[in-house]
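Colleague:
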């Protein structure tokens, strides 16, 4: 018997450390006081290597949205392992690709790919994993998590954990509304309260006793608003010393609202402009209200082009673009007070394109500052033309009067 080897009562042999001493062919022979029926069929012991990473991903990666990101991961073993990638906490299929060297490729990187990714190497011996965090910069904030509401006396303390800020400073606001059984209209107005800078909780005061309220938290940065958080329903405590009997306080429950972003946004050049097409959100637990189209030119900020696209539409025409310019478009879905994450971003270059001027649709799509500048320029040009015409008329009249005086003077001299 070799060191580290042991025999169990059931006849199994345990080899604590596998090495060259364990290689070989083995048989098992059972016996008792009457003898034995013979040895078992031979079995061969082979030494195999579990997967071992030769290239591990870094702990964190930071990259701007729309750019390319490649994360390398490689492993060896005997037999050679299979390397796979998976986004932690994601149930659906990711749009990321894996090349022949087992590297994870984001081309282009989108907001939805932010999070923790795991590289796993597996063979017949074992499976090993390595995790990395992907931070997508230049986006609106991500939704806050772990929203909780602590009922207080005619108030409620709302707390949360911030999501990723998208690479910019973010602010928070708490939204709430009373939950009534028979609302006077389909849409209930929500009240919003700004949260002091740096705080992760807010006490909402002056609430009605024994009335259910819904609470949600919204994060915003310089690029826009993120999605609303999950909705939490809670009942504030009633007044102390009241003579009425207060029923037991129901436990706060969480109602999750699912509104995924529009899918597969594409852009195609037409003779009338750029045609944007998309698919509706894959998941929505509330009735879809419509879409809002956002545009960014060059390195500028995102601007809302059209915030009233009907939910039944899956395409929109964008005319009136500037020649030899670079544009980015994205789409968000909304349902009442809920706003989805932006869709994938599509890039449009008008270099070499026959850009047609806008007709009736441009005023609806142009941002208000741009539209005001266009109207102001037209008005200024019109006034300049009018003044030029009046000045020309006055000059012509003065010339005609001078010519007439000269002719009259020559006629008098000739008469003398």
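In the UniProt record's numbering, the protein residues as written are 1 to 416. The beta-carbon is built from N, C-alpha and C at its ideal position, and this holds for glycine as well.
Select from 166, 343, 174 the residue whose C-alpha is nearest the C-alpha of residue 262.
Modeller: Translated into positions along the chain shown, residue 262 becomes position 262. When only C-alpha atoms are compared, the closest one is 343.
Colleague: Taking contact to mean 3 or more Cβ pairs, one atom from each stretch, closer than 8 Å, check whether the segment 204 to 217 and the segment 270 to 283 are in contact.
Modeller: In short, these stretches do not touch, since the Cβ pair count stays below three.
Colleague: Tell me the residue span of the beta strand (DSSP E) that contains residue 73.
Modeller: Within the chain shown, the letter at position 73 stands for residue 73. Segment: none, residue 73 is in no beta strand (DSSP E) and carries neither H nor E.
Colleague: Does the structure place the segment 153 to 168 close enough to the segment 220 to 228 that three or more beta carbon pairs sit under 8 Å?
Modeller: Segments in contact, yes.
Colleague: Does DSSP put residue 322 in a helix, a strand or coil?
Modeller: Locating residue 322 in the chain shown gives position 322, counting from the first residue. If DSSP states are grouped into helix, strand and coil, residue 322 belongs with coil.
Colleague: Alpha carbon to alpha carbon, how far is residue 112 from residue 177? Give it in angstroms, no decimals.
Modeller: Translated into positions along the chain shown, residue 177 becomes position 177. Translated into positions along the chain shown, residue 112 becomes position 112. Using only the alpha carbons, I get a separation of about 29 Å.
Colleague: Return the residue from the list 264, 156, 160 that minimises the CA-CA distance to residue 212.
Modeller: Taking the first residue of the chain shown as position 1, residue 212 is located at position 212. Among 264, 156, 160, the Cα nearest to that of residue 212 is on 156.
Colleague: Mind checking whether residue 210 and residue 235 have CB atoms under 8 Å apart?
Modeller: Taking the first residue of the chain shown as 1, we reach residue 210 at position 210. Taking the first residue of the chain shown as 1, we reach residue 235 at position 235. Yes; because the gap between Cβ atoms is below 8 Å, this pair is in contact.
Colleague: Suppose the cutoff is 8 Å on Cβ atoms and the five residues either side in sequence are ignored; what does the same chain contact list for residue 135 look like?
Modeller: As a working mapping, residue 135 is identified with position 135 in the chain shown. Cβ within range, chain order: 60, 61, 62, 63, 114, 164, 167.
Colleague: Determine whether the beta carbon atoms of residue 33 and residue 73 lie at a separation below 8 Å.
Modeller: Stepping through the chain shown from its first residue, residue 33 is reached at position 33. Stepping through the chain shown from its first residue, residue 73 is reached at position 73. No.
Colleague: Spatial neighbours of residue 6 within its chain, please: C-beta separation below 7 Å, excluding the five flanking residues on both sides.
Modeller: In the chain shown, residue 6 corresponds to position 6, counting from 1. Only 14 meet the Cβ criterion.
Colleague: Under the rule that 16 or more other beta-carbon atoms within 10 Å means buried, what is residue 28, buried or exposed?
Modeller: To locate residue 28, count along the chain shown from 1; it is residue 28. Exposed is the call here.
Colleague: Cα separation between residue 125 and residue 11?
Modeller: Here residue 125 corresponds to residue number 125 of the chain shown, with the count starting at 1. Here residue 11 corresponds to residue number 11 of the chain shown, with the count starting at 1. When rounded, the distance between both Cα atoms is 23 Å.
Colleague: Determine, using beta carbons only, whether residue 45 and residue 22 come nearer to each other than 8 Å.
Modeller: If you number the chain shown from 1, residue 45 lands on position 45. If you number the chain shown from 1, residue 22 lands on position 22. Contact: yes.
Colleague: Between which two residues does the beta strand (DSSP E) harbouring residue 49 extend?
Modeller: Numbered from 1 along the chain shown, position 49 holds the residue referred to as residue 49. Looking at the DSSP string, the run of the beta strand (DSSP E) that includes residue 49 is 49 to 55.
Colleague: Using the three-state DSSP reduction, which class does residue 171 fall into: helix, strand or coil?
Modeller: Within the chain shown, numbered from 1, the residue matching residue 171 stands at position 171. In this structure, residue 171 counts as strand in the three-state DSSP scheme.
Colleague: Helix, strand or coil for residue 19 per DSSP?
Modeller: On the chain shown, position 19 is the one that residue 19 refers to. If DSSP states are grouped into helix, strand and coil, residue 19 belongs with coil.
Colleague: In this structure, does DSSP put residue 214 in helix, strand or coil?
Modeller: For the purposes of this step, residue 214 is taken as residue 214 along the chain shown, with counting starting at 1. Note: residue 214 maps to strand in three-state DSSP.
Colleague: Can you give me the start and stop residues for the beta strand (DSSP E) that residue 33 sits inside?
Modeller: Counting from 1 along the chain shown, the entry for residue 33 is found at position 33. Neither: residue 33 is in no beta strand (DSSP E) and is coded neither H nor E.
Colleague: Could you give the C-beta distance for residue 316 and residue 293, rounded to a whole number, given that I count them as a contact under 8 Å?
Modeller: Counted from its first residue, the chain shown places residue 316 at position 316. Counted from its first residue, the chain shown places residue 293 at position 293. That pair is a contact at about 6 Å.
Colleague: Roughly how many angstroms lie between the CA atoms of residue 105 and residue 139, to the nearest whole one?
Modeller: Looking up residue 105 in the chain shown gives position 105. Looking up residue 139 in the chain shown gives position 139. In a straight line, the C-alpha of residue 105 is about 19 Å away from that of residue 139.
Colleague: Hey, how far is the Cα of residue 334 from the Cα of residue 57?
Modeller: For the purposes of this step, residue 334 is taken as the residue at position 334 of the chain shown. For the purposes of this step, residue 57 is taken as the residue at position 57 of the chain shown. Each residue's alpha carbon lies about 37 Å from the other.
Colleague: Could you tell me the alpha carbon to alpha carbon distance between residue 347 and residue 312, rounded to whole angstroms?
Modeller: Residue numbering aside, residue 347 sits at position 347 when the chain shown is read from its first letter. Residue numbering aside, residue 312 sits at position 312 when the chain shown is read from its first letter. Cα to Cα, residue 347 sits roughly 24 Å from residue 312.
Colleague: Could you round the C-beta distance between residue 76 and residue 52 to whole angstroms and report it? I think they count as a contact, below 8 Å.
Modeller: Taking the chain shown and counting its residues from 1, one reaches residue 76 at position 76. Taking the chain shown and counting its residues from 1, one reaches residue 52 at position 52. Rounded, the Cβ-Cβ distance is 6 Å, consistent with contact.
Colleague: CB residue 144 to CB residue 217, shorter than 8 Å?
Modeller: Counting from one through the chain shown, the residue named residue 144 turns up at place 144. Counting from one through the chain shown, the residue named residue 217 turns up at place 217. Yes. Within cutoff.
Colleague: Kindly indicate the opening and closing residues of the beta strand (DSSP E) around residue 266.
Modeller: Along the chain shown, one-based indexing puts residue 266 at 266. Per DSSP, residue 266 belongs to the beta strand (DSSP E) from 263 to 270.
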